[in-house]
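Residue numbers (my numbering): 21 to 109. Notes to accompany the following structure.
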């Protein structure tokens, strides 16, 4: 099943933000290992800001999906529940 273009764009955006977060976290860990504590502290703030941004966007996309599902309920049902009734006696 193919995703709508907006959903693909949202996924790409989240993937890009996740990659940025991973890079920022790696920088923080490198600074920490090197004992560069002042720089590591500053980098921690950048890393946390990236994490917050990613989480905010993820929640926003989830809210859009939930709202869409609630306003467009699925019209398909379990075929096992739709047997035609047989004429009774």
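Even for Gly, the Cβ is constructed at its ideal location relative to N, Cα and C. Please read all numbers here as calculations on a predicted model, not as lab measurements.
- In the assembly as shown, residue 63 is a buried residue. Its beta-carbon has 16 or more other beta-carbons within 10 Å.
- For residue 59, the three-state secondary structure derived from DSSP is helix.
- The Cβ-Cβ distance between residue 73 and residue 34 does not fall below 8 Å.
- The C-alpha of residue 49 is placed about 34 Å away from the C-alpha of residue 84.
- Cβ-Cβ distances below 7 Å link residue 53 to nothing in the same chain once the five nearest sequence neighbours on each side are left out.
- In terms of Cβ geometry, residue 60 and residue 68 do not form a close pair [threshold 8 Å].
- Taking a 10 Å sphere around the C-beta of residue 41, we find 16 or more other C-beta atoms and assign the residue as buried.
- If you compare the alpha carbons of 80, 47, 55 with that of residue 65, the shortest gap goes to 47.
- Relative to the Cα of residue 44, the nearest Cα in the group 70, 55, 36 belongs to 70.
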